[in-house]
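Working notes, beginning with the structure itself.
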Amino acid sequence: PTPYGAAPLGPSATPEPALIHAITRQESNFDPEAVSSSNARGLMQLLPSTAQAVAKRLGLRHQLAMLTSNPAHNIRLGAAYLDQMLARFDGALPLAIAAYNAGPNRVEEWLGTYGDPRTGWIPMLDWMELIPFGETRNYVQRVIENMAIYRAKDPRSAALEHPMARWLHDQPG
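Note that the working numbering gives residue 84 to position 75 of the sequence shown, counting from 1, and the numbers run on in steps of one.
Below, the structure is given as structure tokens:
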């Protein structure tokens, strides 16, 4: 699948579009009306309480129905929340991605239990394998894989210098 609409994200978007696309693919497979069993909603599968808090912080008008009826609104809130997770975990992608899925407090707990890969005490890949929730461990791995693919398919990406990236970019869809 390809990302739902390009309008909400520009070339200077933060976080980078490839990460937002990868999270959206994993969360909803680009279904703007998706609602999970935990009541997460829309493209980026935001919990209503998280969406409300982010909208308030951004000074945006928000109603629950907007999470599934307004894809740009959902992406804006999801990207802002993801940006918060990146800031909280010093830009460490696996930590921020895990926090997006399982919550930042759980990631803090795991850092205390297994060590903090940002300090060099444990390699990041080893830390990822120690994530005790299989769903979150798989989620982090899939998002990172998908992010690499979206980066490779982006004609503006410097990653296109790699032959495999060039091949991926040239594939249809």
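Glycine included, every Cβ here is placed at the ideal spot set by N, Cα and C.
*asked:* According to DSSP, simplified to helix, strand and coil, what is R50?
replied: Taking the first residue of the sequence shown as position 1, residue 50 is located at position 41. R50: strand per DSSP, three-state reduction.
*Between the C-alpha atoms of G121 and A107, what's the straight-line distance to the nearest angstrom?*
For the purposes of this step, residue 121 is taken as residue 112 along the sequence shown, with counting starting at 1. For the purposes of this step, residue 107 is taken as residue 98 along the sequence shown, with counting starting at 1. So the two alpha carbons sit approximately 15 Å from each other.
*Is DSSP giving L139 helix, strand or coil here?*
Indexing the sequence shown from 1 puts residue 139 at position 130. Coil, per DSSP.
*Would you mind reading off the limits of the alpha helix (DSSP H) that contains L132?*
Counting from 1 along the sequence shown, the entry for residue 132 is found at position 123. Before going further, note that residue 132 is Pro rather than Leu in the sequence given. No alpha helix (DSSP H) contains P132, which DSSP labels as neither H nor E.
*Which value, in whole angstroms, describes the spacing of the CA atoms of S78 and G51?*
Residue 78 sits at position 69 when you count from the first residue of the sequence shown. Residue 51 sits at position 42 when you count from the first residue of the sequence shown. When rounded, the distance between both Cα atoms is 8 Å.
*List in chain order: all unbroken alpha helix (DSSP H) runs of 4+ residues lying wholly within the region 54-105.*
57-67, 75-78 and 80-97
*Identify, in the order they occur along the chain, each residue of the same chain with its Cβ nearer than 6 Å to the Cβ of M156, setting aside the five sequence neighbours on each side.*
Within the sequence shown, the letter at position 147 stands for residue 156. Excluding positions up to five away in sequence, the list reads A27, L28 and A31.
*So, is the C-beta of E138 closer than 8 Å to a C-beta in chain D?*
Included in the structure is just one protein chain, with no chain D present.
*Starting from the C-beta of G124, find all residues in its chain whose C-beta is less than 8 Å away, skip the five residues before and the five after it, and write them out in chain order.*
Here the question's residue 124 lines up with position 115 in the sequence shown. Counting only Cβ-Cβ distances below 8 Å, and skipping sequence neighbours, we find W130, I131 and W136.
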